[in-house]
Amino acid sequence: MTARPRIVAEISGNHGGSLARAMDLMLLASRHGADAVKIQTYEADSLTLDSRRPEFVIQGGLWGGQTYYELYKKACTPRSFVKPLFERAREEGIFLFSSPFSASDVEALTAVDCPTYKIASFELNDVDLIKLCAQTGKALILSTGLATLEEIDRAINLALKFGNGDVTLLHCESHYPATPEMFNLRSIPFLKERYGLPVGLSNHALGDSLDIAATALGASLIEKHFIDVRDEKYVDAAFSMTPEELEQLVADTEAVASALGERAVVLSERDRMARGGRRSVYLTSDMQEGELLTREHVRVVRPAMGLEPYRLEGVLGKRARAALKAPLPLREEDFV
């Protein structure tokens, strides 16, 4: 049976700057079925400059009017959170990993033996960051949102050259929130075939219909932002799943994965038994010995005790070996 995708709950900025809340969200996600929890390890200076020049001001969307620096200062998971979060995760048996955004972030994660590093979509062109994460010797996840094939090629080559070979790609629609028509989910099998690597989905849309589709297309991992209650005061609340939605996601992807089967026409033992209810040829009129069989003597009906319908033409016009009493499953050996 095909395994369902691993479900990653992304806490991101939904902790609201509180370590205690970040801890609670991690534990809550695990209790409601997440296979792993992810944080984003950065401080505002990891990402941008503190400037109000026009290009540093966000235009439109959920965060319009703020500068990048203001947003990231509000949403960041400080490096000071890293050690206590990873210590508690290990105590609780939770698989916790992170996206770093600078050398200092990688250093903080290396100190706690972070098991996996994710390169976020907006950082896929940061070749130094990819190389640095790869050189930790840990598994890498590369998010491909916004990237061209050339950029994906370059990122994968770096990851494989400097890393341990454990690389997963994450198809991502990098708009917040995203709507279904923005997704090109067929990228998932395309990327799998092109690179021969596991491919998952980073989903910033509400509901799990896209996750179900991604599962059917072969996604090995699904990452979604997570929150306890969709309270607008938290920066990612608008596109974050709740505990109940997480449970539903786990159940739905499990159901889809169990239904996928293999790329072949397969008859199970149940199918073979059920074939007895199919149609077959029955004699519906009595026949005398030596009488010619015509279509007027037969019907194609259920169950499947008689001749297969496609073989009827080979028997029509033959003579009965002996008298036959209807109704009777038609057999070739009764005619000559």
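All residue numbers for the sequence shown refer to the working numbering, where the first residue is 9 and numbers rise by one. A virtual CB, placed ideally from N, CA and C, is assigned to each residue, including glycine.
6 Å CB neighbourhood of residue i in its chain, flanking five on each side removed
i, result
"residue 4", "Nothing can be reported for residue 4, as the shown portion of the chain is limited to 9 through 344."
"residue 314", "288, 289, 290, 337, 338"
Top-ranked residue by Cα proximity to residue i, from the options
i, options, result
"residue 236", "284, 313, 250, 317", "250"
"residue 286", "344, 316, 43", "316"
"residue 400", "333, 338, 334", "For the chain, the structure presents residues 9 to 344; residue 400 sits outside this window and is missing."
"residue 307", "342, 320, 299", "320"
"residue 257", "33, 42, 32", "42"
"residue 153", "121, 72, 199", "199"
"residue 245", "278, 185, 58, 302", "185"
"residue 178", "223, 23, 82", "223"
"residue 216", "202, 201, 252", "252"
Residue environment, residue i, which counts as buried when at least 16 other CB atoms sit within 10 Å
i, result
"residue 219", "buried"
"residue 241", "exposed"
"residue 210", "buried"
"residue 344", "exposed"
"residue 352", "Residue 352 lies beyond the range of the chain shown here (9 to 344); nothing can be said about it."
"residue 296", "exposed"
"residue 318", "exposed"
"residue 232", "buried"
Cut-off 7 Å between Cβ atoms - residues of its own chain near residue i, not counting five sequence neighbours on either side
i, result
"residue 111", "140"
"residue 10", "265, 268"
"residue 304", "293"
"residue 37", "17, 45, 234, 254"
"residue 191", "181, 218"
"residue 168", "175"
"residue 159", "132, 133"
Residue i versus residue j: straight-line alpha-carbon distance, rounded
i, j, result
"residue 97", "residue 280", "48 Å"
"residue 130", "residue 273", "42 Å"
"residue 87", "residue 221", "36 Å"
"residue 301", "residue 334", "13 Å"
"residue 161", "residue 24", "36 Å"
"residue 194", "residue 225", "7 Å"
Cβ shell of residue i (< 8 Å), same chain only, five flanking positions each side left out
i, result
"residue 176", "147, 148, 149, 150, 205, 206, 207, 208, 228, 229"
"residue 330", "297, 342"
Is it a yes or a no for the region 169-180 touching the region 144-160, going by three-plus beta-carbon pairs under 8 Å?
yes
Counting Cβ pairs closer than 8 Å, one from the region 115-124 and one from the region 73-91, do we hit at least three?
yes
If contact is defined by three or more beta carbon pairs under 8 Å, each pair taking one atom from either stretch, is the region 48-62 in contact with the region 75-85?
yes
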